[in-house]
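So the protein sequences, as listed, match chains X and C. With numbering that gives the first Met the number 0, you'll find the first sequence wraps up at 338, consecutive numbering, no jumps. With numbering that gives the first Met the number 0, you'll find the second sequence wraps up at 338, consecutive numbering, no jumps. Remarks on the structure that follows.
There are 2 protein chains.
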Amino acid sequence: MITMATIHDVARLAKVSIATVSRVMSGADPVNPKTQQRVMEAMEQLNYTPNGLARNLRSLKTNVIIALVPDIKNPFFSEVIRGIEDGAREAGFHVLVGSTDGDREKAKAYMALLEESRADGLILTTAQMDQAFIEDFAARRPMVLACEYIAGSEIPCVSIDNESAARKITKHLLALGHTRIAHIMGPSNVVLSQARLNGYKQALREHGMPEDELLVQEGDFSIESGYAVAKKLLSIERLPTAIFAASDVMAIGALRAIHDHGLRVPDDIAVAGFDDINMASYVSPALTTIHQPRYEIGQRSVQMLVKLMKAEELGQAQVVLEDTMIIRESSGKGHEEKG
Amino acid sequence: MITMATIHDVARLAKVSIATVSRVMSGADPVNPKTQQRVMEAMEQLNYTPNGLARNLRSLKTNVIIALVPDIKNPFFSEVIRGIEDGAREAGFHVLVGSTDGDREKAKAYMALLEESRADGLILTTAQMDQAFIEDFAARRPMVLACEYIAGSEIPCVSIDNESAARKITKHLLALGHTRIAHIMGPSNVVLSQARLNGYKQALREHGMPEDELLVQEGDFSIESGYAVAKKLLSIERLPTAIFAASDVMAIGALRAIHDHGLRVPDDIAVAGFDDINMASYVSPALTTIHQPRYEIGQRSVQMLVKLMKAEELGQAQVVLEDTMIIRESSGKGHEEKG
DNA sequence: TTGTATGCGTTATCAT
DNA sequence: ATGATAACGCATACAA
């Protein structure tokens, strides 16, 4: 709108060189108190704000990091983002949150900002693109994976052990005497969906339960998909006695589907979720779920990213945080386990 | 990590001047096909990506707009943001989403990015700072208010008519025969909380109902506050027969509080929300609420902002979109109205 | 069709 | 303690 004052304007008004103006801003070199005063007054008078772009170009740094989430509607990520933002602020960085809607091209568009030097680092909360692309990118740019661990990869990451967590909650359902446990998995192209599926299968196997392919159906983490998939599960001949959804949001969709079907949770069908989002303890029945330290995941991710950007050594590149099983109403009577 | 190739490197390798390299990138001036080929090969070979910062400094534009939300956890805003992002992408802009946590200082930190020329425009989804500050800012920088209309202000904005919507849903409860309708309002320092409160009061007045101060309690749009405030409402002597919460999220908290209190919705107490977030139709009982065209609010906001940034005339600076009352289970038997 | 040179607003390295 | 000037990487007006 209004044409901005530059360092030259300030210098002219204060009758000094631009170098001196720059000096009073940085405070690095000594400046005569009297001229300093003049410069400050000039800055004040012109309402001067240094141009960030010029500074960035000069330093070849932006102090911006990009955080990519697959779906900004998903409440799971919002807390992770908060952790990221707080961690970033502490380290003097701004966060640009991008929602990719599971679209590789959108993700790549954001990642291009790094190539253009318009951002310094990247946090990926879901690795949906092909692994080769990610590996290549991580080799060239500071990047951290939050929430997801890619087996066999050396990319720095922060996550829980999704497999063991899924195993744990499936075992909980088994311990309650369930014999037909269905699983609403996440999109099969994301790593953590596979991890949770594996944990589920392992638990069944360890208990000598047969795998029924009909009982495993794929959702996309949305509440709508949870509802739709649960409907499908309710239409098969031998009804499941329990449903383990790979996310709380999908579990809430399932809750509604079961309700609409005239059945009751947990009496007729038990339900378990994953993530422990805020709403999990407010819906009725309250959700049994796996608590993920979402805020901490975000925070730790940035901390690692900052080290990466400073080219510091990060001792451990793959951080696994602890999860907790939270037993509430939706799975029936129970107890709490830690691990 | 890796030291980037510059336009000079490309020029040297292709044995041309940097001007020519620049030309093949922009495609503005004609370039000999043969040299163009050489340049392209050089770019390819060096894996060259133009430095965005330099471009930005040159053009004094960043193509970045900042969208500020008070709370990224609030699902209401996620859909607005999606609208903003899609609209922005169409217009060739990137969106930097910032969460202010209702903290003026955080908001100002983001707004400073505009002053530093590191972003071109601002969308505020909640005006929590003092009005003078906002007015001043809007006079100097391209800015649009989404979701909120400030009476007496000329700042461009896109929103529904919060007052009439609140009046409408309160009247719905009155029509169902409710005599003691409580209101869980939003934070009193945000404009739309006041608007919704006013609508609520107007409806009561029009029906000749007395105002009971005990029945109006302030929340902060969080599910926890909805729960806590509802608890408070359940502890007063003459119980309310209905609760109108200023947001669905708070309404869901209230649902749980009523449930925990051993009462039933809508039989014992009716509940109405506001926003029509995704989850509103999935909780039990499903929420009666006001549907806001959230995605469109976001989209229209950016469109206005883009015009503002281009210094184009925006015909109408204050856009009011239509809301819809959605009657579901939580308010008891009913019908649907439009307006 | 191509090259030279200037400027975008800073910071930093020289001098003085 | 201060000033002149060269980068940072690119786009473009002007020459050739």
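Every residue gets a Cβ at the ideal spot worked out from N, C-alpha and C, and that includes glycine.
With a threshold of 8 angstroms between beta carbons, residue 252/C makes contact with chain X.
Of 119/C, 69/C, 77/C, the smallest CA-CA separation from residue 92/C is found for 119/C.
When Cβ-Cβ separations below 8 angstroms define contact, residue 96/X makes contact with chain C. Nearest Cα to residue 176/C within the set 164/C, 269/C, 85/C, 256/C: 269/C.
Per DSSP, the continuous alpha helix (DSSP H) segment holding residue 138/X begins and ends at 130-139. A direct Cα-Cα distance of roughly 46 angstroms separates residue 193/C from residue 141/X. Rounded to the nearest angstrom, the Cβ distance from residue 159/X to residue 304/X is 19 angstroms, too far for a contact under 8 angstroms. DSSP places residue 76/C inside the alpha helix (DSSP H), whose first and last residues are 74-89. If you check the CB distance, residue 88/C and residue 294/C do not come in under 8 angstroms. In this structure, residue 109/X sits near residue 97/X, with a CB-CB distance shorter than 8 angstroms.
For residue 173/X, the three-state secondary structure derived from DSSP is helix.
Scanning its chain for C-beta atoms nearer than 6 angstroms, with the 5 sequence neighbours on each side dropped, one finds around residue 257/X the residues 264, 268, in chain order.
The beta carbon of residue 62/X sits closer than 7 angstroms to the beta carbons of 91, 92, 93, 119 from its chain, once the five residues preceding and following it are set aside; these are given in chain order.
Where residue 120/X is concerned, the enclosing beta strand (DSSP E) starts and stops at 120-123.
Sequence-ordered contacts of the segment 272-306 of chain C with chain X read 277, 278, 281, 282, 283 [C-beta pairs closer than 7 angstroms]. Around residue 265/C, no beta-carbon contact reaches into chain X at under 8 angstroms, the shortest distance being about 14 angstroms. Between the segment 144-162 of chain C and the segment 317-334 of chain C, the count of C-beta pairs closer than 8 angstroms reaches three or more; the two stretches touch. Between residue 67/C and residue 106/C, the beta carbon gap of about 6 angstroms places them in contact (Cβ cut-off 8 angstroms). Per the C-alpha coordinates, the member of 117/X, 229/X, 234/X positioned closest to residue 52/X is 117/X. CA-CA distance, residue 168/C to residue 196/C, rounds to 12 angstroms. At a C-beta separation below 7 angstroms, residue 55/X has these neighbours in chain C: 52. Ranking 262/C, 182/C, 222/C by CA distance to the CA of residue 276/C puts 222/C first.
Per DSSP, the beta bridge partners of residue 158/C are 319/C. Within chain X, not a single residue places a beta-carbon under 7 angstroms from that of residue 134/C; the smallest gap is close to 14 angstroms. In this chain, residue 206/X is not harboured by any alpha helix (DSSP H), its DSSP state being neither H nor E. When C-beta distances to chain X are compared with 9 angstroms, the residues of the segment 97-117 of chain C below that value are 97, 98, 100, 105, 108, 109, 111, 112, 114, 115, 116, 117, in chain order. Scanning chain X for C-beta atoms nearer than 7 angstroms to the C-beta of residue 7/C yields nothing, as the closest lies near 15 angstroms away. Partner residues in a beta bridge of residue 147/X, as assigned by DSSP, do not exist. Remark: C-beta atoms of residue 69/C and residue 127/C approach each other more closely than 8 angstroms. Distance from the CA atom of residue 138/C to the CA atom of residue 152/C, rounded to whole angstroms, is 11 angstroms. For residue 52/C, the enclosing alpha helix (DSSP H) stretches over residues 51-58. Within the segment 307-336 of chain C, no residue places its CB atom closer than 7 angstroms to a CB of chain X. Restricted to the segment 232-305 of chain X, the alpha helix (DSSP H) segments that are unbroken, complete and at least 4 residues in length are 247-259, listed in chain order. By the beta-carbon neighbour count (other beta carbons within 10 angstroms, threshold 16), residue 205/X is exposed. In this structure, residue 217/X sits near residue 186/X, with a CB-CB distance shorter than 8 angstroms. Residues of chain X whose Cβ lies closer than 8 angstroms to the Cβ of residue 72/C are, in chain order, 74, 77, 78, 81, 277.
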